[in-house]
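Written out below as structure tokens is the structure these notes cover.
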């Protein structure tokens with residue numbers, strides 16, 4: 001019996017230990033269960049989102065609205081609009097036909113001595129553009145850019161054709177390098193190439209002093225054809241290009 005009691009005692013002790021251990025594990029699992037999310041799917045798909053917001057500072061260049069004329073149209077000749085017997089306004093692009101229509105305008109309105117350059121974006125034919133400029137000079141016509149008027153690219157050469165050149169302080173002039181029919185720009189030609197002399201000779205014809213002409217020509221060609229440099233009336237005055 002003694003040996004039997006000794007045998008049972010260890011068995012009872014093991015059973016109590018197992019019960020105690022089981023209660024401990026069960027309590028632990030119960031607490032863990034309480035701490036788990038109510039929806040296991042949510043727990044599996046939970047994530048943290050980090051959003052980085054980048055703030056950019058920029059400026060938008062919006063050209064000023066072109067001047068709107070209050071004068072009635074007496075006649076239209078391509079980019080030229082006759083608004084008075086002695087005054088024409090110009091808006092648009094010079095092409096191969098523009099010198100011919102200008103000649104027609106002068107034949108019909110020989111008293112024209114003043115051109116208001118409202119919104120002139122240059123030319124698609126540089127030879128025609130320079131021919132037109134010389135026609136303006138021979139006709140003894142003055143050029144003027146009004147407030148908010150815009151003269152761009154090859155139209156700057158037309159402005160220089162005026163026997164008297166004036167501009168409002170709020171006028172703008174846009175310059176950049178020229179490009180030939182082969183896609184080559186001024187910087188692609190050596191300084192000794194005759195193509196540069198063509199423009200410098202034109203400036204001389206229009207009464208621009210040689211040093212000033214060279215400086216202005218260099219400035220315009222320092223800007224790629226695909227870009228623009230905006231000049232004010234005061235900038236043009238520093239180059240002696242307005243009277």
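Numbering (this note's numbering), first residue to last: 1 to 243.
Built from N, CA and C at the ideal position, the CB exists for glycine as well.
Proximity to residue i [Cα-Cα], best of the options
i	options	result
residue 128	177, 157, 236	157
residue 243	96, 74, 215, 145	145
residue 200	221, 166, 73	221
residue 198	122, 81, 130	130
residue 234	169, 206, 117	169
residue 165	91, 88, 240, 84	240
residue 140	83, 126, 110	110
residue 180	126, 80, 97	126
residue 208	83, 160, 229	160
Beta-bridge pairing of residue i - partner residues as DSSP gives them
i	result
residue 179	185
residue 108	DSSP lists no partner for residue 108.
residue 76	81
residue 236	DSSP lists no partner for residue 236.
residue 114	87, 142
Beta-carbon separation (whole angstroms), residue i vs residue j, contact threshold 8 Å
i	j	result
residue 149	residue 119	7 Å
residue 112	residue 75	Wrong, their Cβ atoms sit about 11 Å apart, outside the cutoff.
residue 189	residue 196	7 Å
residue 123	residue 172	With 8 Å as the limit, residue 123 and residue 172 do not qualify as a contact, their Cβ atoms being about 18 Å apart.
residue 116	residue 90	7 Å
residue 81	residue 73	5 Å
residue 167	residue 236	7 Å
residue 71	residue 84	6 Å
Contact between the segment 173-187 and the segment 91-107 (3+ Cβ pairs under 8 Å): no
The segment 179-186 in contact with the segment 146-165 per 3-pair CB rule at 8 Å: no
Ordered list of beta strand (DSSP E) runs contained in the segment 128-216, each at least 3 residues: Runs of the beta strand (DSSP E) inside the segment 128-216: 142-145, 150-152, 165-167, 172-175.
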